[in-house]
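Have a look at the structure below, then the notes.
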Amino acid sequence: MYNSLHGEEFFATDRRPESISRKTIHIPVGDSPCHHIDDFNEILTDMGIHEIKRSEILHEIATKAHGIDTRGGLYMLVIIRKTVYGSIRFLNEEDDIARAQRESMGAEARPIPATKSSIDALERVVFDVSASAGDCAVCLEEISAGSEAIPMPCSHVYHSDCIVKWLQTSHSCPLCRYNMPFE
1 MYNSLHGEEF
11 FATDRRPESI
21 SRKTIHIPVG
31 DSPCHHIDDF
41 NEILTDMGIH
51 EIKRSEILHE
61 IATKAHGIDT
71 RGGLYMLVII
81 RKTVYGSIRF
91 LNEEDDIARA
101 QRESMGAEAR
111 PIPATKSSID
121 ALERVVFDVS
131 ASAGDCAVCL
141 EEISAGSEAI
151 PMPCSHVYHS
161 DCIVKWLQTS
171 HSCPLCRYNM
181 PFE
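Now the structure itself:
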């Protein structure tokens with residue numbers, strides 16, 4: 001994990017516990033801890049201990065408890081503690097923004113034009129009085145009867161001059177992003 005302090009990046013982990021769960025079981029005088037295995041199992045389950053690890057812990061408790069004589073007035077306190085360690089990342093929003101800006105400066109956005117041959121191959125049409133193409137999405141003016149227009153392969157229609165100029169800088173349809181051939 002990389003971090004930044006005074007402009008220097010570094011990798012940091014912290015061995016402080018991320019979380020600590022602690023459960024206590026009081027076993028009365030005369031009771032054997034073996035009689036409380038179900039209680040231990042329930043606590044371990046509630047703590048999110050995986051089944052295999054739970055079995056290992058319960059086996060260890062049962063083994064140790066088997067040799068304990070509680071008849072002589074022994075009061076037993078059993079504490080189960082789960083400690084989770086994790087890595088800590090020291091975040092500094094200003095450093096993250098500055099790094100993103102530095103990285104983006106190297107990647108200059110460049111327009112990708114359509115190929116000249118694909119632009120030249122587009123059909124030019126003249127709209128008559130009965131045709132209605134609506135507005136040109138490039139210049140936002142009406143495509144009127146008698147004006148030259150170009151229908152794109154995606155069926156969107158534009159003024160000839162507008163769409164040719166557009167395709168010389170961008171290879172996609174201004175409305176639906178249909179991709180024209182590009183290099």
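Number 111 in full-length UniProt numbering belongs to position 111 of the sequence shown; there are no gaps in the numbering. C-beta atoms are modelled at their ideal positions from N, C-alpha and C, and glycine is treated no differently.
Classify Ser-55 as helix, strand or coil using the three-state DSSP reduction.
It is helical.
Can you give me the C-alpha to C-alpha distance between Lys-165 and Tyr-178, rounded to a whole angstrom?
About 16 angstroms.
Helix or strand or just coil, what does DSSP make of Arg-124?
The answer is coil: DSSP assigns Arg-124 none of H, G, I, E or B.
Decide if Cys-136 is buried, meaning its Cβ has at least 16 other Cβ atoms within 10 Å, or exposed.
With 16 or more Cβ atoms within 10 Å of its Cβ, Cys-136 is classed as buried.
Alpha carbon to alpha carbon, how far is Glu-183 from Ile-143? Give it in angstroms, no decimals.
Ile-143 and Glu-183: Cα-Cα distance of roughly 30 angstroms.
Give the range of the beta strand (DSSP E) segment to which Glu-42 is assigned.
Element bounds for Glu-42: not the beta strand (DSSP E) but the alpha helix (DSSP H), 37 to 46.
How big is the Cα-Cα spacing for Pro-174 and Pro-111?
Whole-angstrom Cα-Cα distance: 13 angstroms.
Can you give, in chain order, each stretch of the alpha helix (DSSP H) that sits fully within the UniProt domain "RING-type" (136 to 177) and has at least 4 residues?
DSSP runs (the alpha helix (DSSP H)) wholly in the UniProt domain "RING-type" (136 to 177): 160 to 167.
Figure out for me which residue from Gln-168, Met-47, His-156 has the closest Cα to the Cα of Thr-115.
Ranking Gln-168, Met-47, His-156 by CA distance to the CA of Thr-115 puts Gln-168 first.
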